[in-house]
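Everything in the sequence shown is counted per our numbering, starting at 42 for the first residue and increasing by one. Ideal Cβ placement from N, Cα and C applies to all residues, glycine included. If you're wondering where the values come from, they're calculated on a predicted model, not measured in any experiment. Here's the structure we're looking at; comments come further down.
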Amino acid sequence: MSASSTPIPPQRTGSVSTRQVLIAPSLLACDFGHLAEEAARVQEAGADWLHVDVMDGHFVPNLTIGPDVVAALRRASRLPLDVHLMIDHPEAFLTRFIAAGADYVTVHVEAPGLARPDELRQALGTIRAGGAKAGLSLRPRTGVEAIRPYGDTLDLVLVMSVEPGSGGQAFLPEAIPKVRAVRGWFARHIAVDGGINAQTGRQMREAGANVLVAGTSVFRSASYKDAIRSLRGDQPS
Ligand code: DX5
Ligand code: ZN
Numbered sequence: 042m043s044a045s046s047t048p049i050p051p052q053r054t055g056s057v058s059t060r061q062v063l064i065a066p067s068l069l070a071c072d073f074g075h076l077a078e079e080a081a082r083v084q085e086a087g088a089d090w091l092h093v094d095v096m097d098g099h100f101v102p103n104l105t106i107g108p109d110v111v112a113a114l115r116r117a118s119r120l121p122l123d124v125h126l127m128i129d130h131p132e133a134f135l136t137r138f139i140a141a142g143a144d145y146v147t148v149h150v151e152a153p154g155l156a157r158p159d160e161l162r163q164a165l166g167t168i169r170a171g172g173a174k175a176g177l178s179l180r181p182r183t184g185v186e187a188i189r190p191y192g193d194t195l196d197l198v199l200v201m202s203v204e205p206g207s208g209g210q211a212f213l214p215e216a217i218p219k220v221r222a223v224r225g226w227f228a229r230h231i232a233v234d235g236g237i238n239a240q241t242g243r244q245m246r247e248a249g250a251n252v253l254v255a256g257t258s259v260f261r262s263a264s265y266k267d268a269i270r271s272l273r274g275d276q277p278s
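Pasting the structure below:
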C-alpha cells in the first residue's frame, strides 16, 4: 500500500454506509459549451468528484476530450478530477493527464498497450509516481479475475455497468455480482459507471460500491441537488 493513498475501512459484508458514498457526476452528459459553469453547478449541488470521460475513437467509437480540457477543469473546480481513460495506449498519455491536474487516473485492463502484466503494472506505477491515484476499469464482458492480481497497486476499481463509449445507456445488472465479488477482496474505492440512477445506485451501494458515477441522471435532471441527494440514498430536499 502506498503512503499516498487513503484506505477506506474494509466492507466485507453488507453495504458501505451512505456517509461514505461519493457522487461523481460524469461531465459527458453536461453542456460542453458551459463546461466551467456546469462543473461549478454540480460542485454547489453537493458532488464529491468530477468524472471526466476521455475517449479516442479507437478503444471506443466516440471522441471526447484531452489533457487541455482537464487542465481547464482543474482551473475551474476544486473537486477531485476522476479521469477515466477509454483510450488505446493510455501509457503514452498518463503524465500529460497528471500534469493537467487529474487526481485519479483510471485505465482499462483491456487497453492495447497494457496487455502484458508488466505493462499494466508499469502504467499503474507511473500514475502513482506522478502523485495521482491509480484506478483500473473493466468492460462488462471482462471477468473480475482479470484485475485481481493488481489489487495491491490500486486505489480504485471502476466496474462498468454499460459498454463504455456513450452516456444514456441502460444499466447492465450483471455488474452487481461483479461489485460484490470485488468488495470481497478490495477495501478501497469501488466506483460504478453506466446507467446509474437512484435505483441502480442503491443496488450498487448494497453490493459494496462507494463511488457512484452518474451522467444522465444528474445532468438531465431538473435539480442537480436532488439528483445527487437521491443517488446518495437521501431524500430530495
Ligand atoms: C460511458 C462513460 C460514462 C458515462 C455514463 O462510457 O464512462 O461515464 O458518462 O453516463 P450515464 O450515467 O448516462 O450512463
Ligand atoms: Zn466514465
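Tell me which same chain residues have a C-beta within less than 6 Å of the C-beta of residue i, skipping the five on either side of it?
i    : result
R60  : Only weak support exists for where R60 lies, its pLDDT of 44 falling under 50; the coordinates are left without a value.
H149 : S178
S202 : F212, L213, A216, V233, G235 and G236
P108 : R137, F138 and A141
A117 : A77 and A80
G256 : S67, L69, A70 and G208
L161 : L155
On the three-state DSSP scale, how would you describe residue i?
i    : result
L197 : strand
I217 : helix
G176 : strand
T183 : coil
D275 : coil
A170 : helix
Cβ of residue i within 7 Å of any heavy atom in the ligand DX5?
i    : result
P121 : no
D109 : no
A255 : yes
L76  : no
G172 : no
Return the Cβ separation of residue i and residue j in integer angstroms, given the expectation that the two are a contact with Cβ distance under 8 Å.
i    : j    : result
L199 : K174 : Not a contact, Cβ separation roughly 12 Å.
V101 : M127 : 5 Å
V254 : V83  : Not quite, the Cβ-Cβ distance comes to about 12 Å (not below 8 Å), so this is no contact.
Relative to the ligand ZN, is the shortest distance from any of its heavy atoms to the C-beta of residue i smaller than 7 Å?
i    : result
H99  : no
S67  : yes
D144 : no
H149 : no
H230 : no
Enumerate in chain order the residues of its own chain whose CB-to-CB distance from residue i is below 8 Å, with the five nearest sequence positions on each side excluded.
i    : result
T105 : L69, D94, V95 and M96
Which residues in the same chain have their Cβ closer than 7 Å to the Cβ of residue i, if we skip the five residues on either side of it in sequence?
i    : result
A164 : P131, E132, L135, V148 and L155
By DSSP's criteria, residue i is part of a beta bridge. Which residues make up the other side?
i    : result
T147 : H125 and G176
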